[in-house]
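A.B. asks:
Residue numbers (our numbering), protein chains in the order written: chain A, 1 to 207; chain B, 1001 to 1255.
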């Protein structure tokens, strides 16, 4: 083995070690973080103040750098699954045209969006490719082009898609994706429109 | 199999998009004298020379050259760590500047010029242009600020569950067409942190680091970051620590 490849092996071992550590080393006292949060944001109302308070899921995802050990991941997954609510009529697939509209819209919940002048969007294109026609798409999430076709438009896949959008942590604990339903960003009716965008045969996603 | 077939032409399209974006970024930087931010640096210089000749940015009263490269730092007279903008505001307060009024609206709206504090910060930063970030970290409060900034940078909260790392811990990812720097890695942080304050073409004004951070929290659906707060300074301390050794090129010109 030459010198460069032995360096690579050492580097690989170090990277592997760093990856398995997972948990964040807290080098700063929690009280200091709390004090900084208190003075750091305008927090004019209790609603805004509440946005800085982490629930158990966010506390754990932050603590484990979004790579929770198995037992923690199972807890997060279970509580995410329990949070999912379905539309009253049980229909999980809505109107893909409305879904496309909300996938395009990044409006809502920003501190300049009050009082709200438009419905809150899902902003899906910020992170995902969805249709061939929209070239301005982000890449933080996987491409969803052809999603319904790949999933064969099955009823199981429709349900799984609804659940993923409602609370992504039910599928991937500590996912980067917002809990759009559980956090009240989108309504169950909006979520089924987004499901329609992904899972309808006539949606531009599946053209 | 299906996914592989779909993703091959996509990768090509993505490369073409990235190449076109890179060309646009290059064109912005081709003629450095076309940067409108230089006018704000000039305005800031005038303001500094009329109001702040006694202001100590860490290198002695009135000394501007190279000061920005060593900020944020601990200031004994204020008993806290301050970044350039926070320190400038602290100095202005001593001259009778209305801080309360300023804090109600510290940043320009789109198309409006950067405010006085930001213009002075642009001037101060420009006098470290070409130098490398070397913020001191010997004082316990300076260490604490970096650690606090690290914790805040990684802290997920708000209705979207975002932390700064949601966007800035993936290499080469984009939001829509905007590339996202991998700010947790020194190699990437060194390239971009020194570009602030920068003239932002899409906003038609100079945007300072305090403003840039506020803008991130807006996107993250969290509350307004308070100008000069410990949180805002700590985030800057953390980013500058990651960018240590990186060159300052302020004011830059941004998309």
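The beta-carbon is built from N, C-alpha and C at its ideal position, and this holds for glycine as well.
Note that the coordinates shown come from a computational prediction; the quantities given were computed from them, not determined experimentally.
1. Which whole-angstrom value describes the C-beta separation of residue 61 of chain A and residue 69 of chain A, a residue pair presumed to lie in contact below a C-beta threshold of 8 Å?
2. So which residues on chain B does residue 171 of chain A lean against when the C-beta distance must stay under 8 Å?
3. Do you know offhand how far residue 42 of chain A's Cα is from residue 1205 of chain B's?
4. Give me the residue from B:1052, B:1136, B:1131, B:1083 with the minimum Cα distance to residue 1096 of chain B.
5. Nearest-angstrom Cα distance between residue 1092 of chain B and residue 1099 of chain B?
6. Could you check whether residue 1176 of chain B and residue 1163 of chain B sit closer than 8 Å to each other, using their CB atoms as the reference points?
7. For chain A, is any of its Cβ atoms less than 8 Å away from the one on residue 1003 of chain B?
8. What residues in its chain sit with their C-beta under 7 Å from that of residue 1160 of chain B, if we drop five residues either side in the sequence?
9. Under 8 Å between the Cβ atoms of residue 1183 of chain B and residue 1173 of chain B?
10. Taking its Cβ as the centre, do 16 or more other Cβ atoms sit within 10 Å of residue 200 of chain A, making it buried, or is it exposed?
11. From residue 188 of chain A to residue 83 of chain A, what does the alpha carbon distance come to, in whole angstroms?
12. Would you please verify whether the beta carbon of residue 21 of chain A is less than 8 Å from any beta carbon of chain B?
13. Taking the alpha carbon of residue 1126 of chain B as the reference point, which residue from B:1196, B:1030, B:1231 has its own alpha carbon closest?
14. Does the beta-carbon distance from residue 123 of chain A to residue 105 of chain A come in below 8 Å?
15. Considering Cα atoms alone, identify which of B:1166, B:1112, B:1062 is closest to residue 1200 of chain B.
16. So, are the CB atoms of residue 1106 of chain B and residue 1178 of chain B less than 8 Å apart?
17. Strictly under 8 Å for the Cβ-Cβ distance: is residue 205 of chain A near chain B by that measure?
18. Given this structure, state the Cα-to-Cα distance separating residue 1064 of chain B from residue 37 of chain A, to the nearest angstrom.
19. Can you find a CB in chain B that lies within less than 8 Å of the CB of residue 153 of chain A?
20. With DSSP run on the structure shown, which of helix, strand or coil describes residue 1260 of chain B?
21. Kindly list the residues whose CB is nearer than 8 Å to the CB of residue 85 of chain A, restricted to its own chain and excluding five residues on each side of it in sequence; keep chain order.
22. To the nearest whole angstrom, what separates the beta carbons of residue 131 of chain A and residue 205 of chain A, a pair I think is in contact under 8 Å?
23. Name the chain A residues that come within less than 9 Å of residue 1090 of chain B, Cβ to Cβ?
24. Name the chain B residues that come within less than 7 Å of residue 176 of chain A, Cβ to Cβ?
25. If we count the other Cβ atoms within 10 Å of its Cβ and call it buried at 16 or more, is residue 56 of chain A buried or exposed?
26. When burial is assigned at 16 or more other CB atoms within 10 Å of the CB, is residue 1128 of chain B buried or exposed?
27. List, in order along the chain, the chain B residues whose C-beta lies closer than 8 Å to that of residue 179 of chain A?
28. From the DSSP secondary-structure annotation, give me the bridge partner or partners of residue 1061 of chain B.
29. With three or more beta-carbon pairs closer than 8 Å as the criterion, would you say the region 1133-1144 of chain B touches the region 1061-1079 of chain B?
30. Note down, in chain order, each residue of its chain lying with its Cβ closer than 7 Å to the Cβ of residue 1212 of chain B, except the 5 sequence neighbours on either side.
31. So, at 7 Å on beta carbons, what are the nonlocal neighbours of residue 126 of chain A in its own chain, with the 5 sequence-adjacent residues on each side left out?
32. How many Å lie between residue 34 of chain A and residue 1230 of chain B at the Cα?
33. With a threshold of 8 Å between beta-carbons, can residue 27 of chain A be considered close to chain C, or not?
34. Do residue 1088 of chain B and residue 1109 of chain B have their C-beta atoms closer together than 8 Å?
35. So, under 8 Å CB-CB, residue 1259 of chain B and residue 1037 of chain B are touching, yes? Tell me the CB distance rounded to an integer number of Å.
36. Listed in chain order, which residues of the region 1223-1254 of chain B have Cβ atoms closer than 8 Å to some Cβ of chain A?
C.D. replies: Inspection of the coordinates gives the following:
1. Actually they do not touch by this definition, with Cβ atoms about 12 Å apart.
2. Result: empty, since nearest Cβ-Cβ is about 14 Å, beyond 8 Å.
3. 24 Å
4. B:1052
5. 8 Å
6. The answer is no: Cβ separation not under 8 Å.
7. Note that residue 1003 of chain B scores a pLDDT of 37, beneath 50, so its modelled location is shaky; the value from the coordinates is reported in the next line. Cβ-Cβ to chain A under 8 Å: yes for residue 1003 of chain B.
8. 1220, 1221
9. no
10. The residue in question, residue 200 of chain A, is buried, as its Cβ has 16 or more Cβ neighbours within 10 Å.
11. 12 Å
12. Below a pLDDT of 50, predicted positions are generally treated as unreliable, and residue 21 of chain A, at 46, falls in that range; the measurement from the model is reported next regardless. Cβ-Cβ to chain B under 8 Å: no for residue 21 of chain A.
13. B:1196
14. yes
15. B:1112
16. no
17. It does not; no Cβ of chain B falls within 8 Å.
18. 32 Å
19. no
20. Lying before the first or after the last residue shown, residue 1260 of chain B is absent from chain B, which here runs from 1001 to 1255.
21. 166, 181, 188
22. 6 Å
23. Ordered by position in chain A, no residue passes the 9 Å Cβ test against residue 1090 of chain B, which lies about 15 Å from the chain.
24. 1166
25. By the C-beta density criterion, residue 56 of chain A is exposed, having fewer than 16 other C-beta atoms within 10 angstroms.
26. buried
27. 1161
28. B:1056
29. yes
30. 1196
31. 106, 138
32. 11 Å
33. Of the chains in the structure shown, none is chain C; the protein chains are A and B.
34. no
35. Nothing can be reported for residue 1259 of chain B: it is not among the residues displayed for chain B, which extend from 1001 to 1255.
36. 1223, 1224, 1225, 1226, 1229, 1230, 1231, 1232, 1234
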